[in-house]
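In what follows, a structure is listed as structure tokens, so that the remarks can point back to it.
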Amino acid sequence: MSSQGTSDLETYVRADGRDEQVRQVRDKIDALGITYIYYQFISVTGRVVGKGIPADHWERTAERGFQLVYGATANLFMDRYDNYIGYGPEASELVGIPDPETFVQLPWDGRLARVFCTLFRNRDELENPGGVLTADCRGNLRRIHEQFTQDHDGTHMRHGAEPEMMWLQKGPDGKPADGFSKPYCYHIDQFESLRPVVMKVIEYGRAMGLDMIQGDHEDAPGQLELNFTFDDALATCDRLTTYRQICAQVAREHDLIACFMCKPFMGVSASGCHHNLSLWRGGEDVLKPLGNESLPGMEDVFLHREGGENLFDPLPGRREPAPTGLQCIGGVIEHLPALTAIGCSTVNSYRRLWETGFWAPVYSDWGYQNRTCGLRVSGPGRFEYRAVDAMVNPYLMAGALLKAFDDGIRRDLDPGEPEHRNIYEAIEEGKEVTKLPTTLGEALDRLEQDEVIRSSLPGEMYDVYMHYKRDEWERFLATVTDWDLETYWDCLP
Numbered sequence: 426m427s428s429q430g431t432s433d434l435e436t437y438v439r440a441d442g443r444d445e446q447v448r449q450v451r452d453k454i455d456a457l458g459i460t461y462i463y464y465q466f467i468s469v470t471g472r473v474v475g476k477g478i479p480a481d482h483w484e485r486t487a488e489r490g491f492q493l494v495y496g497a498t499a500n501l502f503m504d505r506y507d508n509y510i511g512y513g514p515e516a517s518e519l520v521g522i523p524d525p526e527t528f529v530q531l532p533w534d535g536r537l538a539r540v541f542c543t544l545f546r547n548r549d550e551l552e553n554p555g556g557v558l559t560a561d562c563r564g565n566l567r568r569i570h571e572q573f574t575q576d577h578d579g580t581h582m583r584h585g586a587e588p589e590m591m592w593l594q595k596g597p598d599g600k601p602a603d604g605f606s607k608p609y610c611y612h613i614d615q616f617e618s619l620r621p622v623v624m625k626v627i628e629y630g631r632a633m634g635l636d637m638i639q640g641d642h643e644d645a646p647g648q649l650e651l652n653f654t655f656d657d658a659l660a661t662c663d664r665l666t667t668y669r670q671i672c673a674q675v676a677r678e679h680d681l682i683a684c685f686m687c688k689p690f691m692g693v694s695a696s697g698c699h700h701n702l703s704l705w706r707g708g709e710d711v712l713k714p715l716g717n718e719s720l721p722g723m724e725d726v727f728l729h730r731e732g733g734e735n736l737f738d739p740l741p742g743r744r745e746p747a748p749t750g751l752q753c754i755g756g757v758i759e760h761l762p763a764l765t766a767i768g769c770s771t772v773n774s775y776r777r778l779w780e781t782g783f784w785a786p787v788y789s790d791w792g793y794q795n796r797t798c799g800l801r802v803s804g805p806g807r808f809e810y811r812a813v814d815a816m817v818n819p820y821l822m823a824g825a826l827l828k829a830f831d832d833g834i835r836r837d838l839d840p841g842e843p844e845h846r847n848i849y850e851a852i853e854e855g856k857e858v859t860k861l862p863t864t865l866g867e868a869l870d871r872l873e874q875d876e877v878i879r880s881s882l883p884g885e886m887y888d889v890y891m892h893y894k895r896d897e898w899e900r901f902l903a904t905v906t907d908w909d910l911e912t913y914w915d916c917l918p
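Residue numbers (this note's numbering): 426 to 918.
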């Protein structure tokens, strides 16, 4: 509840300027011929969920929201004991309130649009009616970032994501058969083989506010990395979510599978999602139409934060990040084991971390352009967080990194000297360094023990996340795999 006694929900709906935004969306609906809108939010695993509602009901939905069971925040999945994860069937229904500034037309069907939503407890709840729903990972990130900015003199985080993923062919049964292209890293011919896919992703991305800047073919079958500009944390997370939706649609159009699974193939690199991080003060939001003669959505979708003071920039004559940057690196290293439970969030994630020959970030250390470390200063004014893969929920990751930054700054954590050697050779020479968790179960244990990173999963969010991920780990432990059969089926005691 707000301090005035009005519910969080009503305060949100009555915010200054919102009525004008709602009216502007109606103008867009009419001008673009929108007849249907996807009202979407993000589940605990990063999945896009929500409802579709005819555009005729925009104003009422903007005012009253829509209702959906609380368990939708956990994909409405059941655990191995047939209990719903997070919330049971007796729980109330959440209220999703659309954020008008995120409204944009879907370029593959101009009759449709999408809008992100913020989640609240039901108005009829006996306890905290209309309060913020703490199982809303997107809403949590906004609140965590606002608090960080308030606590650190207007400082905000900007980051860019490197979304590797694989384009797979379908077998006769519709399941993945193989990567579309050959595993030749940076080969233009293999990139060219996926040109129709690449160009369509870029076309759709620009229509939905993604400033696409570069791309390449990576070193696994069908593996591409297509990058868009870095921005404010929430904008980057929304754009990564949008990018995934775009890839899913392009895959449907080309009868392919857009695979964000971390490691579907042995013997080749996995799909990571490195985060390049920095802290800033100031700057301005610059409108980038991205080739759209008239904006097919609200202006905010096409705004990009530029300029300002980068607090990670090295001091004159120095190479290392400024003191604030070193403190943030120290904070991440301090909490890297727990952060791994967020950035490497699936059983399959740890297939990547075990294959050290493919530059996997296995050790808690940092260096300049040193890809054997968990953190890499990839250029002046930023560092790359590497222990994160293609399946990450970006909202949870950004919130957890902000908490690590906050702790590093408050405690003035020293990351130590940068490692210039190959970390594996350094260990052979006697260097002592912490190793990241090697299983999802171990990572969850470390998260459970880390109060700072746990605080990025406030209230019910932590319970939902742990329930979901503990169940995932237990299901794996209880599963007889092909490896079991191939290894043991003909053994005699």
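Backbone N, C-alpha and C fix where the C-beta goes; we use that ideal spot for every residue, glycine too. Keep in mind the model is a prediction, meaning the values are calculated, not measured.
Environment of Ala602 [buried if 16+ CB atoms lie within 10 Å]: exposed
Compare the beta carbon distance of Thr543 and Arg563 with 9 Å and say whether it is the shorter of the two. yes
Could you check whether the stretch 541–559 touches the stretch 646–654, counting it as contact only if at least three pairs of C-beta atoms, one from each stretch, sit closer than 8 Å? no
Answer with buried or exposed for Gly755, where buried requires no fewer than 16 other C-beta atoms within 10 angstroms of its C-beta. buried
What are the boundary residues of the beta strand (DSSP E) that includes Tyr929? The chain is shown only over 426 to 918; residue 929 falls outside these bounds and no answer can be derived.
Give the single residue among Tyr506, Pro523, Thr859 and Asn818 whose Cα lies nearest to the Cα of Asp444. Pro523
Mapping the DSSP letters down to three states, classify His845 as helix, strand or coil. coil
Alpha carbon to alpha carbon, what distance is there between Leu740 and Arg620? 43 Å
Inter-stretch contact at 8 Å, needing at least 3 Cβ pairs: the stretch 719–739 / the stretch 621–630: no
Below 8 Å, is the gap between the Cβ of Pro862 and the nearest heavy atom of the ligand MN? Absence of the ligand MN from the depicted structure is noted, as is the absence of any ligand whatsoever, leaving it without description.
What whole-angstrom Cβ distance do Gly471 and Tyr463 have, given they're in contact under 8 Å? Rounded, the Cβ-Cβ distance is 16 Å, inconsistent with contact.
Over what stretch of residues does the alpha helix (DSSP H) that includes Arg563 continue unbroken? Cys562 to Asp576
Please determine, among Thr749, Glu731 and Leu800, the residue with the shortest C-alpha to C-alpha distance to Asp837. Thr749
Tell me which same chain residues have a C-beta within less than 8 Å of the C-beta of Ala658, skipping the five on either side of it? Leu566, His570, His581, Met582, Arg583, His584, Ala823 and Leu827
Assign Ile510 to buried or exposed, taking buried as 16 or more other Cβ atoms, counted over all protein chains shown, within 10 Å of its Cβ. buried
Within its chain, find whatever has a CB closer than 6 Å to the CB of Ala903; leave out the 5 residues flanking it on each side and keep chain order. none
Can you tell me which of the three DSSP states Asp624 falls into? In the sequence under discussion, the amino acid at residue 624 is Met, which differs from the Asp named in the question. Residue state, collapsed to three classes: helix.
What are the boundary residues of the alpha helix (DSSP H) that Gly824 is part of? Pro819 to Arg836
Considering just the uninterrupted stretch of the alpha helix (DSSP H) at Ala658, what are its terminal residues? Ala658 to Glu678
Separation of Val520 from Ser428, as counted between CA atoms: Here Ser428 scores only 47 on pLDDT, less than 50, and its place in the model is too uncertain to base an answer on.
Residue range of the alpha helix (DSSP H) that includes Val889: Glu885 to Leu902
Per the DSSP calculation, Asp814 is bridged to which residue(s)? Gly697
Would you identify the three-state DSSP class for Asp641, choosing helix, strand or coil? strand
Per DSSP, Phe368 forms a beta bridge with which residues? Any question about residue 368 goes unanswered here, given that the chain covers just 426 to 918.
Per the contact definition of three or more C-beta pairs closer than 8 Å, is the stretch 605–625 in contact with the stretch 724–742? no
Measuring alpha carbon to alpha carbon, tell me which of Gly477, Glu518, Met886 and Pro514 ends up nearest Leu493. Glu518
Exposure label - Asn818; buried when at least 16 CB within 10 Å: buried
Compare the C-alpha of Thr765 against each of Thr661, Met503 and Glu867 and name the closest. Glu867
Proximity below 9 Å, CB of Ile682 to CB of Lys595: yes
Under 9 Å between the Cβ atoms of Thr498 and Asp598? no
Quick one: using the 10 Å Cβ neighbour count with 16 as the cut-off for buried, is Arg801 buried or exposed? buried
Tell me the rounded alpha-carbon separation between Ala673 and Met624. 14 Å
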